[in-house]
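Protein sequences appear in the order of chains L and D. Using the numbering used here, you'd call the opening residue of the first sequence number 625 and step up by one each time. Using the numbering used here, you'd call the opening residue of the second sequence number 179 and step up by one each time. Working notes, beginning with the structure itself.
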Amino acid sequence: MAHDSLKSLDNALAHVKQDRRGFLKTLIVGSAAAAIPVMTSQAVAQDDGGDEGKKKKKKKKEE
Amino acid sequence: MVIPNSMAHPKIHPAILLSPIEDGYVAYDPTTDRLHHLNPIAALLAELCDGSRSVEDIRNLVGPLLPPGQAEMVDRWAEEGLKSGLLIQDTESSGSAREFTATELADLAKRLSEYGKVQTAYLCQKRAVALEPENWDAWYDLGDLCQSVGKRDEAREAYQKYADAHQEDAEIQHLLVALRDDAPPPRASDRVIQQIYKGFARSYEERMRDDLEYQGPERMIEAIRSVIGTRSGLKVLDLGCGSGFAGTVLRPIAADLTGVDLSPEMLELARKRGIYDRLEVAEITGWLKDSPERFDVICSCDVLIYFGDLHEIVAAAASRLKPDGIFALSMERGERYPFQLTDTGRYAHHPDHVREAATAAGLAVGYIGEAFLRMEYGVPVTGLFAVLKK
C-alpha cells in the first residue's frame with residue numbers, strides 16, 4: 625500500500641474503536657490494493673447447495 | 179424504505195450481531211436469519227457507521243482508500259446496507275449492534291454447516307475458538323470444519339488442541355495419526371471403533387443414506403450376485419453388520435443370517451430390523467477364529483475401512499467358508515499400495531493388496547471392481563468391491 629494510502633487508512637482508523645484498528649489495518653493492507661466495499665448476503669437456513677457446495681462428513685461428534 | 183443521502187447518519191441495526199473473521203466481518207441479522215459477509219473495506223465502513231457521522235463524512239474518510247473516482251461507492255454501500263437491514267438511520271432506533279459471543283458464533287457455524295455453507299461456518303468457528311480458546315469441543319468442531327474446507331494442517335492443530343484436553347479420546351488420537359502422517363497402525367483399535375459408533379449410532383442411518391448417499395449394500399449384493407448367480411437359501415454371515423444395512427440385501431439370499439459387530443449400540447439398531455436369525459457382539463477377527471461354524475457367504479460391507487493389512491481377516495474368513503463359499507468385502511479404493519490411513523481415520527486399500535490377501539488365504543478372486551460408495555466432504559468416494567471364492 626502506498627504511503628499516501630497508508631496515511632489515509634490511519635486517518636480513517638483513528639475514528640474506529642481502538643481495539644479494532646490493528647485488526648482492520650492488517651486486513652485492509654493485506655487485501656487487494658484499492659478494493660471497493662463488498663457485502664454479500666445469504667439466508668442461513670437455505671439449503672441451496674451452500675456457498676461452497678460441500679456437505680458434512682460421515683462422522684460427527686455427538687457425545 | 180429509507181433512502182440515504184449524504185447527510186444521513188447510518189448505524190448498524192441494533193439487532194445485528196457482528197464479528198470479525200479472518201477475511202472481514204460477518205453480520206448476522208436474527209430477525210431475518212440472514213448473514214452478511216463484509217470484505218475488509220466494508221468492515222471499516224461498518225465500524226464508521228456508528229450514527230455519529232454522515233455518509234458524506236464517511237465518504238471523506240474512506241474515499242481516499244478506494245480506486246480513483248470510486249468514492250461514491252461509499253454511498254452505494256450505505257444504500258445497500260439500509261436496504262438489506264444491516265444499517266438504519268440513527269433516528270430510527272436507539273441502541274447499537276453488539277458482538278457475537280463465542281457460543282453464538284459456534285451455534286451459527288453449526289447451522290451454516292448443516293446447510294452446506296462450510297466456508298462461512300469455518301470462519302465463524304475460527305472466531306469462536308479465538309474468543310473462547312479453552313472450549314475444547316469448539317476446537318474439535320473447528321478441526322471438523324477445517325477438514326471440510328480442505329485446511330489439513332489447521333485441522334490437525336485444532337484436533338490436537340482438543341486431544342490435549344481429551345487424552346482418553348481414542349478416536350481423535352487415531353485421526354491425528356493420519357493427519358500427522360505417522361506410520362499407521364495395522365488396524366483401528368476396538369476402542370476407536372466402539373467410540374465412533376457409540377456416538378454415531380443415533381444418527382447413523384439418516385447420515386449415511388440422506389446426507390452421504392451411501393450405496394454400499396446395493397453395490398455389494400450386485401457383486402455377490404455376479405458370482406453366485408441366483409443361489410439362495412444360504413447360510414450367511416454379515417461380518418461387522420452394524421445397523422443392518424447390508425443385512426437388508428443379504429436377507430433374500432439367506433436361509434440363516436448371522437450378524438456380528440463390535441458395537442452394542444449398532445447391533446441394537448440391527449436387532450430392531452428383525453431380519454437376523456442371530457446377532458452377536460464381538461470383534462470380528464476373533465469371532466471368526468473362535469467360531470466352529472461354516473458359511474456359504476461371509477459379507478463384510480464397509481467394515482474393513484478400519485483394517486489396514488487384510489491378510490489376517492481374509493485368512494480368518496477363508497477358514498470359516500464352506501466349499502464353494504464366498505467372502506464378499508467392500509472397502510474404500512486407495513491409490514497407494516498396499517493401503518493408506520486417510521485423513522478421515524479410515525483405511526483405503528489398493529486392489530492388488532486384496533488380491534494378495536486372497537491368494538495368501540487360498541481364495542480366488544471371483545469379482546473385483548469399483549463403484550460409487552458414498553459422499554465425503556461433498557466429494558464422491560469410490561468403493562472397492564471384491565468377492566473371493568473358496
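Here a beta-carbon is modelled for each residue, glycine too, at the ideal position from N, C-alpha and C. Treat the numbers as computed from the prediction; the structure is a model and nothing was measured.
- Chain-order list of chain L residues neighbouring D/H215: V662, M663, T664, S665, Q666 and D675, by C-beta distance under 9 Å.
- Within the same chain, Q518, A526, H527 and H528 come within 6 Å of D/G512 by CB-CB distance, once the 5 residues on both sides are set aside.
- Of all residues in the segment 632-650 of chain L, only S632, L633, N635, A636, L637, H639, V640, K641, R644, F647 and L648 come within less than 8 Å of chain D when Cβ atoms are compared, listed by chain position.
- Identification of chain L residues near D/Y484 by a Cβ-Cβ cut-off of 9 Å yields none; the smallest Cβ-Cβ distance measures about 12 Å.
- By the criterion of a C-beta distance shorter than 6 Å, D/Y382 is surrounded in its chain by S421, once the five residues flanking it on both sides are discounted.
- Between D/N217 and L/V653, the gap from beta carbon to beta carbon reaches 8 Å or more.
- Taking 8 Å as the threshold, the shortest C-beta distance from L/A659 to chain D falls below it.
- It is roughly 14 Å from the alpha-carbon of D/L488 to the alpha-carbon of D/V565.
- Leaving aside the five residues that flank D/E349 on each side, the residues in its chain whose CB is nearer than 6 Å to its CB run, in chain order, V370, Q373 and I374.
- Put simply, the segment 251-264 of chain D does not touch the segment 636-650 of chain L. Fewer than three CB pairs are less than 8 Å apart.
- Secondary structure at D/D285: helix, using DSSP grouped into helix, strand and coil.
- Here D/L390 carries a coil assignment [DSSP, helix/strand/coil].
- Distance between D/D342 and D/L222, taken at the CA atoms: about 37 Å.
- Taking 8 Å as the cut-off, the beta carbon of D/V459 is found no closer than this to the beta carbon of D/L482.
- No Cβ of chain L is located within less than 8 Å of the beta carbon of D/R237.
- With respect to the 8 Å criterion, D/L390 and D/M553 are classified as neighbours on the basis of their beta carbons.
- When the beta-carbon positions are compared, D/G263 and D/D228 stay at least 8 Å from each other.
- Ranked by Cα distance from D/A506, the options D/S469, D/V405 and D/R429 are led by D/V405.
- Excluding sequence positions up to five before and after D/V414, its CB lies within less than 6 Å of the CB of L428, A432, L435 and V475, all in the same chain and listed in chain order.
- Residue state for D/F423 is assigned as helix, using DSSP reduced to three classes.
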